[in-house]
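Per my numbering, the sequence shown starts with residue 663, numbered consecutively.
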Amino acid sequence: MSALHDASLPRIHQADPRVLPHAIGSFLSESWPDEQRHGVDRVSPLTIAVIDDRPLIRDCFGRGLKAVDGSLKLHYFSDLTSLETTPAAIGPINIILICAAWSKTKSDLYLSQIAQIRADRPETDTVILSEIEDVSDVLQAFELGVRGYIPPTVSLEVAVSAMRLVAAGGIYVPASILARCEQLIRQRPAANVDEESASLFTSKQMLVIDALRKGKANKIIAYDLNMCESTVKVHVRNIMKRLKARNRTEVVYLLSKLEGSVRN
Numbered sequence: 663m664s665a666l667h668d669a670s671l672p673r674i675h676q677a678d679p680r681v682l683p684h685a686i687g688s689f690l691s692e693s694w695p696d697e698q699r700h701g702v703d704r705v706s707p708l709t710i711a712v713i714d715d716r717p718l719i720r721d722c723f724g725r726g727l728k729a730v731d732g733s734l735k736l737h738y739f740s741d742l743t744s745l746e747t748t749p750a751a752i753g754p755i756n757i758i759l760i761c762a763a764w765s766k767t768k769s770d771l772y773l774s775q776i777a778q779i780r781a782d783r784p785e786t787d788t789v790i791l792s793e794i795e796d797v798s799d800v801l802q803a804f805e806l807g808v809r810g811y812i813p814p815t816v817s818l819e820v821a822v823s824a825m826r827l828v829a830a831g832g833i834y835v836p837a838s839i840l841a842r843c844e845q846l847i848r849q850r851p852a853a854n855v856d857e858e859s860a861s862l863f864t865s866k867q868m869l870v871i872d873a874l875r876k877g878k879a880n881k882i883i884a885y886d887l888n889m890c891e892s893t894v895k896v897h898v899r900n901i902m903k904r905l906k907a908r909n910r911t912e913v914v915y916l917l918s919k920l921e922g923s924v925r926n
């Protein structure tokens, strides 16, 4: 069963660390600056860009959405490039819906697309429709700017309600994801202090941090980690924000201080 969650979700779960890891509270509360968002009420028509390179699945899904809510204005695209070349006549887009055949081999591709959308269209909400097995990919997608994750196990009615919630300024997280995060917490062995300090960042952020310590430029980090440079930039920005650092040099300095205090 899925659940709809509004913007108060981060505060609820940050208050009870036994329920969710530190990452879930941080990406929900920090992933999108409020001043860049303009919420739409729950009844106004929504303009949705549906991105899917599978025409049959894309068209059938779109017809299903229209059957549930006839006021939806749907535009179909095979990829981000075709979206960017769309005539301005269609007007502002409320939601970019990425329908993805997610896999570990394609995760970096989709995550880089999310980072690109965040950079190019900071005023537009992004929602993923996919079956993602690795919960860490879901967490990273939210940290990169996604506002909703819709698994294919929900009904069309829930999918429409989720997108309306996101457009109104909320966040949609399926109850199944929350349950999996809780399960991970319960299964995790007691962590020592070093592990707790590392939990401030995602696994991919830790890889970027290691590269920053070595003085590598963003292009080199992107090549070494098989990421897009835009994704690396988002990671660096989030690391700086988490540490309240003003530049890359200060990131390395603050991390050294943090590690020193942990050892002492």
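Glycine residues also receive a C-beta, built at the ideal position from the N, C-alpha and C atoms. For clarity, every value in this text was computed on a predicted model and none was experimentally measured.
It is roughly 33 Å from the alpha-carbon of leucine 887 to the alpha-carbon of isoleucine 710. Annotation for alanine 711: the continuous beta strand (DSSP E) segment containing it runs 709 to 713. Closest in alpha carbon position to valine 730, among Val820, Glu785 and Leu917, is Val820. When DSSP states are grouped into helix, strand and coil, leucine 734 belongs to the coil group.
With 16 or more other CB atoms across the displayed protein chains lying within 10 angstroms of its CB, arginine 809 is buried. Contact annotation: the stretch 828 to 844 touches the stretch 782 to 792, with at least three C-beta pairs closer than 8 Å.
Residue Ile760 holds the alpha-carbon nearest to the alpha-carbon of tyrosine 811 among Ile760, Leu736 and Thr864. Contact annotation: threonine 864 and glutamine 778 have beta-carbon atoms that are not nearer than 9 Å.
Counting only runs of 4 or more residues that sit fully inside the stretch 759 to 816, the alpha helix (DSSP H) segments are 769 to 782 and 797 to 805, in chain order.
Looking from the CA of leucine 905, the closest CA among Leu917, Val896 and His897 belongs to Leu917.
In this model, leucine 727 and asparagine 756 are separated by some 15 Å (Cα to Cα).
In terms of Cβ geometry, leucine 734 and leucine 773 do not form a close pair [threshold 9 Å]. Residue state for phenylalanine 863 is assigned as coil, using DSSP reduced to three classes.
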